[in-house]
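The block underneath contains the structure these notes are about, expressed in structure tokens.
Residue numbers (our numbering), protein chains in the order written: chain X, -6 to 299; chain B, -6 to 299; chain V, -6 to 299; chain H, -6 to 299.
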């Protein structure tokens, strides 16, 4: 355990007497028995600390978002590749039963070809001092989206507002465009009277809603959609068939995401595997975040994602 | 009753034997006993028909949206002003108990200075053939917003998608900017597995949610918000106080909106009053709609509203 | 149309000019063209009016409950049988898509052997002057239960209260016992701040909840239950396996119950069929209602049902 | 810490090295430094263990229910009184912000004179081996009811069922009668597909619903009710006015019940105070439980409560 504040280390020592503690990162990295490091610090320190760990030959796990810029994220990914080290980002939701089930539904073609990804993640607080709401909350949605969709967005239009003087954006909206007819939208806020954690993934066959606040039915799959007919009797009515069939809430494996995620990291370290949420995934998400920040400054003007 | 289709007129005659019917608008307007006309036709016919009625000296009520372009809307407003006729647009929600109550809450300062207006209006169907989902559904939200807020948006960024080949946009998102720190967002869709009709109006003092699908508690007022302190102990925690007080659902008057609205139109006609939803209101909404359409084509690039 | 109040008949005449009207039942029954009668009057007049119709050789449809006593209900059933006339009681819910679906689930063994039937039907108002809440509201639940279960209850324990001086019971609870390990409970009230219309039918395999206020998912089937193991490690823990699988909301046919029900009555009249909700069904429900009333007076003492 | 199983004591020692442990109760009671004991064991051992502690002059806290019979509960209460020791029962809900708020609403006359107390506490599991569902779950509702109402029930009618061979009742219903026009009902079950924890307290002025599963609005107060007029135009309609006013969800203090409860016990021990949930409260609840058990055996026949 490494922390610049000695009082934090003392606390750890009391709880876990056998844990080794370090005040300086250098001392920790001098310890040969340390083979992997988890970086859980403010966002703007992710890059220097993770780079220091990788440069010292350590496998590295970094909290989300990977870094605060595309440039630094690319740099980390390159360093890990060169040194053949595991670089993993904490995209926690990829290790939940609900998101795994969504992926399964998409893979099995249950939803058909995808139409839309729409996510709302709002509540009251917790205002961050160093990043705006997009880097704090939307990162979760982008990580889930990156995992679920085969495609990456080619451009983003984003708008946001800071309602409190001198603070970063507390509410933001992001629309992402893809090469084909798919749209994604993310709404995040620290200023909502009620908490919402809801994601819609709709497709040509079925539509799924993931509501993370539901205690037991987190995912609901609706056999609903539209079919367009050939003819048309008049301009007043198109030949549309609205299909409304069963709704189905599959049982979700009650896996503990953090346990699964850390086990996965250790497995990758031990056996040289590539993590599900590897540096590349972290980089792809940072690319969208950086583009969104630029778009917010331009009041929604679309920004291409390289 | 005037309709180009004789079979529709026959149906009316059977139900209301005393109603007079006309196949041609000209014949109706030749009838001196007709002092006011309600135009309930496809959107792109609103302008020519309403203009014909106004030009013939008739007070005119037009379904929403007022017309399909700013130019034609301006033209109608000018014509009504010149001829001193009542021009009213069917912004139905302004005549509901719930929206009236929201206005009351804002007027009384219950919400404080406004932070955000966020509305979601989605369900499965009914696809329109002549207008996209913004002109069909968002028009409701814009009409409510125009009524509730003292300010009009200065620019809009909007994104949309058509998931069905050859159809207009079935899903769209709009962000509106104002001169001060207020943001408005509208999400509309014809392709949602569940029906949502929910509007958040949040302010510095309280936050209100209007859920039109709630059978009895349509409006909930939350005594919630944040207060920022002066000092700061460290970069890890800001001095933010999250206030979570009572929630309150005021009783809503069970007025029938259509009855109230038509009575209001007749009252304006009889006594020469200006309707709550007059031509100007209709025009302001059309201005946003037209700007949104242009922004959608430009993938969210902001479009100024004159 | 027959009504003692001439002003009601005048109203009918205005709406349906071709309808024949009668002030006295005798006059209506003198009309040979009248082959079937629907009795929609206060409960205590059901028996004399229905008996008069049957005695005059008319097929008879009676609003629920069939009559206000077992004796009179038996008498009607006997009269109809002797005269080979159709006697049908208005157990409306039997003609809804939701209750049909529940029956289907039970018939297909989807729920396994039945454990419990539990129904809550409460709201604010409408206080009845002539019958208590059991005869007014529980009759619906008993009709549904009679249709869904193969068995009839052998005894009932019921408790109720009148909170308003001089009025009949406004809130009541009924527990019904069967010959095997099945229990049924009905909770009805005219004095609830919120409206609830929810029925649980649980079985050894699955459990279904019918919520009539849900706009789209009226029936939810839960793959949940318990399984008891053989051994037991200690008194502190039994070997119980709690099964929590998928939830499933089957699509319900959007049939209009009244249309289906009246068509069924006419079909029975024309083709001499026995209605689904025949006099016997009405009698079985009245038997439970009468026993419940006696139990309420005895503060829940169980009353056998013949 | 005293436990017959040495392995449990070892676990405690590892977590709390300074805790003293005992395998035999006698050894613990020989320790003069032990001034108060909390009995957290299976129900049927509550009486012998608590009596042993009281007889040894120790203040005693007992998990709910106090004991498994009226006789033993009376015996504990008498012993504590004679020896002037604190006897407290773990009626945890009395120490929650929500139940405190309900009491406040009643005390302030917000609800008017009380009409009904109706509670549902059902979910899937956890089957108990030594007591039925009434002694396991209804005890919570009876403790809350005892705290909220000034009156105690004079009789109870209860019905229950065991759907699993050889097990105790897993589902039960209890109706309680009072000296005045108030009714109470409790529905408890270990065999429900969905979890419900909802209590209605209705009165002549307002009605309150306490939903313990609501994350933020646990208590809702409805300004609803009925008023009966003097006259009556006809038998078809009574002069009833249905009042439906605002709904209000008061902010609930986020107190941690167990912390408050244990602090209260220590305060009573130190300063010789009488606990809110004293032995008498525990005894009153056991009286209802015992009467309910007798009523269940008699299929709902009412049993007087001494």
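Glycine included, C-beta positions come from ideal geometry on N, C-alpha and C. Nothing here was measured: the structure is a model prediction, and the numbers come from that model.
Using the DSSP secondary-structure output, state which residues sit across from residue i in a beta bridge.
{"i": "residue 375 of chain B", "result": "With chain B represented from -6 up to 299, any question about residue 375 of chain B goes unanswered, as that position is not in the structure."}
{"i": "residue 218 of chain X", "result": "X/236"}
{"i": "residue 32 of chain X", "result": "X/55"}
{"i": "residue 213 of chain B", "result": "B/202"}
{"i": "residue 170 of chain B", "result": "B/148 and B/176"}
{"i": "residue 181 of chain B", "result": "B/114 and B/165"}
{"i": "residue 242 of chain V", "result": "X/240"}
{"i": "residue 190 of chain B", "result": "B/114"}
Where does the unbroken alpha helix (DSSP H) through residue i begin, and where does it stop?
{"i": "residue 266 of chain V", "result": "Residue 266 of chain V -> no alpha helix (DSSP H), and no H or E assigned at all."}
{"i": "residue 68 of chain B", "result": "63 to 76"}
{"i": "residue 48 of chain X", "result": "39 to 48"}
{"i": "residue 140 of chain X", "result": "132 to 141"}
{"i": "residue 272 of chain B", "result": "272 to 290"}
{"i": "residue 90 of chain X", "result": "90 to 100"}
{"i": "residue 7 of chain X", "result": "-1 to 8"}
{"i": "residue 21 of chain V", "result": "18 to 23"}
For the beta strand (DSSP E) containing residue i, list its first residue and its last residue.
{"i": "residue 80 of chain H", "result": "80 to 82"}
Report the option in the options whose CA atom is closest to the CA atom of residue i.
{"i": "residue 300 of chain H", "options": "H/4, H/246, H/139 and H/8", "result": "The structure shown does not extend to residue 300 of chain H, since chain H spans only -6 to 299, so no value can be given for it."}
{"i": "residue 0 of chain B", "options": "B/12, B/16 and B/10", "result": "B/16"}
{"i": "residue 154 of chain H", "options": "V/199, V/137, V/198 and V/107", "result": "V/107"}
{"i": "residue 44 of chain H", "options": "H/27, H/24, H/66 and H/292", "result": "H/66"}
{"i": "residue 247 of chain X", "options": "X/-5, X/26 and X/89", "result": "X/89"}
{"i": "residue 280 of chain V", "options": "V/60, V/249, V/260 and V/93", "result": "V/60"}
{"i": "residue 109 of chain H", "options": "H/260, H/71, H/218 and H/297", "result": "H/218"}
{"i": "residue 130 of chain V", "options": "V/163, V/98 and V/99", "result": "V/163"}
{"i": "residue 122 of chain B", "options": "B/255, B/188 and B/36", "result": "B/36"}
{"i": "residue 167 of chain B", "options": "X/6, X/292 and X/5", "result": "X/292"}
{"i": "residue 71 of chain X", "options": "X/40, X/200 and X/220", "result": "X/40"}
{"i": "residue 249 of chain B", "options": "B/289, B/91, B/119 and B/42", "result": "B/91"}
{"i": "residue 171 of chain H", "options": "H/12, H/14, H/9 and H/295", "result": "H/295"}
{"i": "residue 96 of chain H", "options": "H/9, H/256, H/169 and H/202", "result": "H/202"}
{"i": "residue 64 of chain B", "options": "B/284, B/175, B/234 and B/205", "result": "B/284"}
{"i": "residue 76 of chain V", "options": "V/-3, V/50, V/252 and V/133", "result": "V/50"}
{"i": "residue 238 of chain H", "options": "H/135, H/10 and H/216", "result": "H/216"}
{"i": "residue 286 of chain X", "options": "X/19, X/25, X/62 and X/266", "result": "X/62"}
{"i": "residue 191 of chain X", "options": "X/205, X/200 and X/236", "result": "X/205"}
At least three beta-carbon pairs within less than 8 Å, the segment 143 to 154 of chain H to the segment 200 to 209 of chain H: With the cut-off at 8 Å, the segment 143 to 154 of chain H and the segment 200 to 209 of chain H do not touch.
Cβ contact check for the segment 107 to 119 of chain X and the segment 148 to 161 of chain X: 3 or more pairs under 8 Å: Segment contact: the segment 107 to 119 of chain X against the segment 148 to 161 of chain X, fewer than three CB-CB distances shorter than 8 Å; contact not assigned.
Counting only Cβ-Cβ distances shorter than 9 Å, please list the residues of the segment 197 to 208 of chain V near chain H, keeping chain order. When CB distances to chain H are screened at a threshold of 9 Å, the residues of the segment 197 to 208 of chain V falling below it are 197, 199, 200, 201 and 202, in chain order.
Taking contact to mean 3 or more Cβ pairs, one atom from each stretch, closer than 8 Å, check whether the segment 258 to 278 of chain H and the segment 233 to 242 of chain H are in contact. As far as the Cβ criterion goes, the segment 258 to 278 of chain H does not touch the segment 233 to 242 of chain H, which means the pair count is below three.
Is the segment 29 to 36 of chain H in contact with the segment 47 to 62 of chain H, if contact means three or more CB pairs nearer than 8 Å? Yes: the two stretches touch, three or more of their Cβ pairs being nearer than 8 Å.
Any chance the segment 152 to 167 of chain X sits against the segment 77 to 97 of chain X, with 3 or more Cβ pairs inside 8 Å? Look at the beta carbons and you see the segment 152 to 167 of chain X not touching the segment 77 to 97 of chain X: under three pairs across the two are nearer than 8 Å.
Three or more beta-carbon pairs under 8 Å between the segment 175 to 184 of chain H and the segment 117 to 134 of chain H, yes or no? The answer is yes - the segment 117 to 134 of chain H touches the segment 175 to 184 of chain H, with three or more Cβ pairs under 8 Å.
When you compare the segment 96 to 107 of chain X with the segment 193 to 202 of chain X, are there three or more beta-carbon pairs, one atom per stretch, that lie closer than 8 Å? Yes, the segment 96 to 107 of chain X is in contact with the segment 193 to 202 of chain X.
Scan the segment 237 to 251 of chain H for residues whose Cβ lies nearer than 7 Å to a Cβ of chain B and list them as they occur along the chain. Along the segment 237 to 251 of chain H, the positions whose C-beta sits under 7 Å from a C-beta of chain B are 237, 238, 239, 240, 241, 242, 243 and 244, read in chain order.
Looking at chain D, which residues of the segment 30 to 42 of chain B have a Cβ within less than 8 Å of any of its Cβ atoms? Here the protein chains are X, B, V and H, and chain D is not one of them.
Residues of the segment 94 to 128 of chain B whose Cβ lies closer than 8 Å to any Cβ of chain H, in chain order: Taken residue by residue, none of the segment 94 to 128 of chain B has a beta-carbon sitting less than 8 Å from a beta-carbon on chain H.
Check distances from the C-beta atoms of the segment 278 to 296 of chain H to those of chain V and list, in chain order, the residues that come in under 9 Å. Contacts with chain V (Cβ-Cβ distance below 9 Å) from the segment 278 to 296 of chain H involve 288, 291, 292, 293, 294 and 295, listed in chain order.
The segment 159 to 173 of chain H: which residues have C-beta closer than 8 Å to a C-beta of chain V, in chain order? The segment 159 to 173 of chain H vs chain V, Cβ under 8 Å: 160, 164, 166, 168 and 170.
Pull out every residue of the segment 134 to 152 of chain H whose Cβ sits closer than 9 Å to any Cβ of chain V, in chain order. Residues passing the 9 Å Cβ filter: 148, 149, 150, 151 and 152.
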